[in-house]
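In what follows, a structure is listed as structure tokens, so that the remarks can point back to it.
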Amino acid sequence: MIRIRSVFVFLALAAIATGCENVVPATDLPYVNHIVIRGFLNADEPIDSISVTHTLPLSVQYDPNQAAIPNAQVSITVDGRSIPLQSIGLGFFTDPLHDTVQSGKTYSIDVQWNGLHAWASTLVPNPPAIPIFQFDNIGWDTEIYRYNSYYSDTFFSFGGTLEAGIEPVTAGEAYSLVYDSIADVDSNYSEASYYIGGDLYNLYPASEVNSAGFLPIFQFESLDPRDSNYFVSAVVESYDGAYYNFIKTYNNFGNSGDIFGTGGANPQWNISGDGIGIFIGTAETRRNSTFHR
Amino acid sequence: MKSLVFCFSWVALAAVGGFTPAMAQTFSVAGVVTDRTSGETVIGAAAMIYADSSLIGHPLRGAITNKFGFFSIANVAPGSYSLVVKSLGYKPGIRNIVVRNQALRIDVGLDVEATEKEVTIQGEKERAPVSSISSVDVKPEMLQHLPSLGGETDIFRALQMLPGVKSSSEISSGLYVRGGSPDQNLTLLDGVIVYNPSHLAGFMSTFNSDAIQDIHLIKGAFPAEYGGRLSSVLDLTMKEGTKEKIEGTAGISMIDSRLTLEGPLSDNSTFMISGRRMYLDLLYALAPKDSNTVTPDYYFYDLNGKVNYKLGENDHLFLSGYFGRDVFGTPIASDSNVSNIYWGNATANLRWSHIVSPDLFTNFSAIYTDYTFSADLEDKHFDAPPDNNFKSVSGIHDYTLHGDAQYFPDTSNTFKFGIEATNHRFRADASANIADFAQIDQNPTIFNSIDAALYGQDEWKITPRLSSNLGMRLYYFQDGAYFRAEPRLAFAYNLTNDVQLTSAFSVGNQFLHLITRNDIALPTDVWFPSTATVKPEEAIQGVLGMQTHLFNSEYFFSVEAYYKSMWNLYEYKDTATFSLNVPLESSFTSGTGKAYGIEFFLNKQIGAFTGWLGYTLSWVIDQFPALNNGQPFYPRYDERHDIQAVITYRLGKTWEFGATWTYATGQAYTMPTGQYAINPSPGNSNQYYDLNTDYTSRDGFRLPPFHKLDLNFTHSFSWFHLPWEVSINIYNAYNHMNVFSEYVEQNYSNYGPTGTTQPPYQLHQITLFPIIPTFGLSCKF
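Chains G and B, in that order, give the protein sequences.
If you use the numbering used here, the first sequence corresponds to residues 41 to 333, in order.
If you use the numbering used here, the second sequence corresponds to residues 911 to 1691, in order.
Below, the structure is given as structure tokens:
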């Protein structure tokens, strides 16, 4: 009887749950060569690390030295002036003149390498003014985190909500409100500060900032603050709106393949031509606060 | 307003366009055709009047029975005739009749054919050519002889073996008809819309073939009596139940068990009830457990029921219903992740058919439909990012009143008019923010809307060789205050007695949208109504074809070319935000689509050896400004070449053999083509980067071609004085490793890190179903 039952179970599971997976020879892997640009132009800072590399075939070990293209012709154009960038190794390029990036101006990048041509533009936003900035519902607590039925940990935690209003809110830009513990975070759990109910990166397009200029309130929590004086910082950053589209899609489709067979997809780049990547202007305003236990 | 008046005028003109009053005094001969044994009505039978009992030459008049088995032959002069009723699978019913000075009512009972004749697909001669454009009728008995996976033949999988009908993947029973997505199919069960006709996440349809009497598929350019969808109509009729005695059918397969009971309730009433229960959860409970793995529970069940009450010679009352649920969930004891998904349909239809006179048939329905979908995915790990959670609900709650009438004024015209009004209540929410979950349950987003439709059509025999179906459907949808007029035109020309040329044109609108992501059914899919900002989907389509019967009607051959253009198709944006703070519709983006192709179909309809061969050459192209950088793309279900071969063969009296073979161009797929490193975060840190894969444009790659052979052997035998059937199925008989999806993954084996290098990628191909033998057992009692 046991044998009959086992056979039945086996056949049924075979009928429904079988699936096979084959590894395809490396020679069958498709390859398309693209220039990869990664550049953030931070207002009031020099252009000191634009990354320009190229895609490597899937079948090789990824080596930053192989991906680097130090012989690429890379230039930045602003106000009609072209600035050739210099390679500083491992795919990074810098402005040899160390000019600072200016808010309100449009910067363009142009890359040519090995017959490929990629380009992009970005408008560097102004640092946002923060007329309203408020921590609320601050609390200190002891929390038990249960990993599973057998293991758990007890943490001391600090949490609350943060509200910020910005002005002006400019169409085509995106904003993030970032909570950042400056000090006194146990090194083992330094990554444990997180947002509750906020979107990824807490990044919002201008259309999601309310009419009074308030970014959505977010809840935060830090685990294991040790000192009685707890220093925190909040940063409001403004971005070229293309960054919002990139971040949203970077995390939506980053995985290649899933149970539904949907496969992956590229994020929304703002690079044109034979390139992929991002070229984003950004500016920030920072506020600090101190809390006492 | 002027256009509205014009439209109504058009309907009226179309309705009277071909009406020619008979000059001499004539009368109608009408009746209902039933199966003599079971008492069930016979749909699509041909009733013909001959001048004398020799039945020589062409019939004088003829008509086809409707879905209630009713026929009406107009303009019959007084005299003696032979009435012959024919339907595939039945012996001809012959009655000698005398028409005197009044209309004649004569009901005909047909006896089942006991010869080796079999029924496969009907695009057959009895049906008027204009009604058979893009149409196929599938007899449920035929399904029993087709191979299946798990021992139970699925209606949708059988339909996928027809030219022009595709699936999105091997695991999907969803019907993609002539480039239309599954939500663009109007799926009717006894006249009631079934919004999500799938079990097992699309692996099986919700329809239990034991409970179905008739399957009618119209692949496009459908007549005015149908509406509300862009692509196709699947019209299923449930069995009424036999009047002979209480009978049953029981079946056990590798996936589910099923039981059907039918019989008389009284002299005037019959019933049918049929249920299925899938028992994967019970089988998993028997399987050895791995303490480290949480196995989700999954099961589905469905129940069909119908009561048929004959109030009198001219009145029938039907009450039919369907209830089905799919439940997928992690056990409550799970402390890591919660994945609870359930969906289901419930329908009920109280229908009254009334024969007002021999030339006027009416049908009235009060309909209830409920569709519910809910997905609740929660990551309970303490360090899980907040966007690892997801909850969505989608629901449609409809109350519908429907009435239609069929009028047979003369031999050249059959008018059909109808009116329908539906009160919709939609529920649609989706959020990745766990703080929203309670609100979704307690205070869901509700949309109410009313839609109303009015239609008229005339099946008009313009000349002995040229026939047409001219119609118009008018729509009103309350939310957004949309008025739409949909002309429907179809023509058939008899080139010879056996060869017809056909053409059809239609305009369609769809006010309900299934918002999907990347062509595949996901928990993010929700039904959403048209609103002021979400426009109705629109389509125009045209069909040109030729059909013929060969070798004394033993073979049927058709070729049809189609072109369909669609607007206001909706999908989620790549940047969709799932939060109650953001209206769901702000995550939608609209685009256009076009589909065109040509289908060839050769069907051997009669004999011990039956089957068909189909070939489709087709293109589907979508374009959304906000997707794929605004460039056109082929959706996943675009398949350039599609070949289907189906055969059934009777080996003696106890064995049946069935085989199906399919070949399809590889599906469009988004494929990795390289690797790159990038730091997605702002700032100029050089220390950190993600290693990612670069992809083709959306669906810019083709998977390898798909092909497989399925076999079925059915043996009939008697045991305990009961007829039994055991079926042995071999799925993917030559074990071809069809690729369902491909993905890349870094290969750490044999990887010796040097410096800052990362291991290479490997391409993995996933095959869902290798060769799988299964069996099923059924018994009638």
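By construction, the Cβ of each residue, glycine as well, lies at the ideal position given by its N, Cα and C atoms.
If the cut is a Cβ gap below 7 Å, which residues of chain G does residue i touch?
i	result
B:L1424	Those within 7 Å of B:L1424 in chain G number zero; the least Cβ separation is about 16 Å.
B:R1608	A305
B:P1669	Q101
B:Q1070	Correct list: empty, because the minimum Cβ distance to chain G is about 17 Å.
B:N1491	P256
In chain order, what residues of the same chain have a beta carbon less than 6 Å from the beta carbon of residue i, not counting five sequence neighbours either side?
i	result
B:Y1105	Y1281, I1306
G:D84	T140
B:I1360	N1333, Q1388
B:V1180	Checking the sequence, you will find Thr at residue 1180 of chain B rather than Val. So the list reads E1150, G1151, K1153, P1174, N1218, once near-sequence residues are dropped.
B:A1555	L1523, W1571
B:Y1644	L1619
B:D1286	N1250, K1301
Which residues in chain G have a C-beta closer than 9 Å to the C-beta of residue i? List them in chain order.
i	result
B:M1647	C60, N62
B:Q1675	C60, E61, N62, V63, V64
To the nearest angstrom, report how far apart residue i and residue j are at their CA atoms.
i	j	result
B:N1648	B:D1620	13 Å
B:F1519	B:V1102	36 Å
B:V1469	B:I1508	7 Å
B:P1545	G:H94	29 Å
B:Q1672	B:E1655	5 Å
B:D1484	B:Q1585	21 Å
G:P5	B:N1343	Here chain G covers residues 41 to 333 and nothing more, so residue 5 of chain G does not appear.
B:I1329	B:F1393	15 Å
B:P1073	B:Q1451	17 Å
B:F1691	B:Y1525	40 Å
B:H968	B:N1462	15 Å
B:Q1457	B:V1409	6 Å
B:R1398	B:N1178	39 Å
G:G321	B:V1046	59 Å
G:T325	G:P167	6 Å
Find the residues of chain B that neighbour residue i, judging by a C-beta separation of less than 9 Å, and give them in chain order.
i	result
G:S200	The sequence as given places Gly at residue 200 of chain G; Ser does not occur at that position. Those within 9 Å of G:G200 in chain B number zero; the least Cβ separation is about 15 Å.
G:Q308	D1484, T1485, N1539
Using a cut-off of 8 Å between C-beta atoms, extract the partners of residue i located in chain G.
i	result
B:H1109	Result: empty, since nearest Cβ-Cβ is about 12 Å, beyond 8 Å.
B:Y1644	Ordered by position in chain G, no residue passes the 8 Å Cβ test against B:Y1644, which lies about 15 Å from the chain.
B:L1601	Y102
Check the Cβ of residue i against every Cβ in chain B and list those closer than 8 Å, keeping chain order.
i	result
G:A107	Y1586, A1587
G:Y71	T1583, G1584
G:P110	Those do not exist, as G:P110 stays about 15 Å from chain B at its closest Cβ, beyond 8 Å.
G:T93	Y1586, A1587
G:D404	No answer is possible for residue 404 of chain G: it lies beyond the span of chain G, which begins at 41 and ends at 333.
Apart from the five residues on each side of it in sequence, which residues of its chain come closer than 7 Å, Cβ to Cβ, to residue i?
i	result
G:G200	F175, D176, N177, I178, G179, F260
B:G941	F981, R1015, I1016, D1017, V1018
Please compile the residues from chain B whose C-beta is within a distance smaller than 7 Å of the C-beta of residue i.
i	result
G:N177	Ordered by position in chain B, no residue passes the 7 Å Cβ test against G:N177, which lies about 14 Å from the chain.
G:T322	P1592
G:V76	Y1586, I1588
G:N285	T1485
G:T289	D1484, T1485
Can you name, in chain order, every residue of its own chain whose Cβ lies under 8 Å from the Cβ of residue i, other than the five neighbours on each side?
i	result
B:R1235	F1210, Y1211, D1212, Y1252, W1253, G1254
B:E1652	Y1579, M1581, L1613, L1673, H1674, Q1675, I1676
Checklist entry - Going along the chain, which unbroken runs of the beta strand (DSSP E) with 3 or more residues stay wholly within the stretch 71-153 of chain G? => result 75-82, 90-94, 113-118, 121-124, 126-129, 132-134, 146-153
Next on the checklist: Taking contact to mean 3 or more Cβ pairs, one atom from each stretch, closer than 8 Å, check whether the stretch 1563-1583 of chain B and the stretch 1620-1632 of chain B are in contact.
Outcome noted: yes
Item to check | Contact between the stretch 115-133 of chain G and the stretch 1600-1609 of chain B (3+ Cβ pairs under 8 Å) | outcome: no
Item to check | Sequence ranges, beta strand (DSSP E) only - wholly within the stretch 1118-1148 of chain B, length at least 3 | outcome: 1122-1128, 1142-1148
Checklist entry - Is there contact between the stretch 1526-1536 of chain B and the stretch 1053-1068 of chain B, where contact requires at least three CB pairs shorter than 8 Å? => result no
Item to check | the stretch 1433-1442 of chain B / the stretch 1374-1383 of chain B touching (three or more Cβ pairs under 8 Å) | outcome: no
Item to check | Entirely enclosed beta strand (DSSP E) segments - the stretch 1601-1661 of chain B, minimum 3 residues | outcome: 1616-1629, 1632-1641, 1651-1656
Next on the checklist: Under 8 Å, with one C-beta from each stretch per pair, do the stretch 1490-1509 of chain B and the stretch 1534-1552 of chain B reach the 3-pair mark?
Outcome noted: yes
Checklist entry - Residue ranges of each beta strand (DSSP E) run of no fewer than 3 residues wholly in the stretch 962-988 of chain B, ordered along the chain? => result 971-974, 980-986
Checklist entry - Quick one: any contact between the stretch 1334-1341 of chain B and the stretch 1365-1373 of chain B, if contact means 3 or more CB pairs under 8 Å? => result no
Checklist entry - How about the stretch 1306-1316 of chain B and the stretch 1262-1276 of chain B: do they share at least three Cβ pairs that are nearer than 8 Å? => result yes
Next on the checklist: When you compare the stretch 1346-1365 of chain B with the stretch 1400-1420 of chain B, are there three or more beta-carbon pairs, one atom per stretch, that lie closer than 8 Å?
Outcome noted: no
Next on the checklist: Count Cβ pairs between the stretch 1156-1176 of chain B and the stretch 1129-1140 of chain B that sit closer than 8 Å; are there 3 or more?
Outcome noted: no
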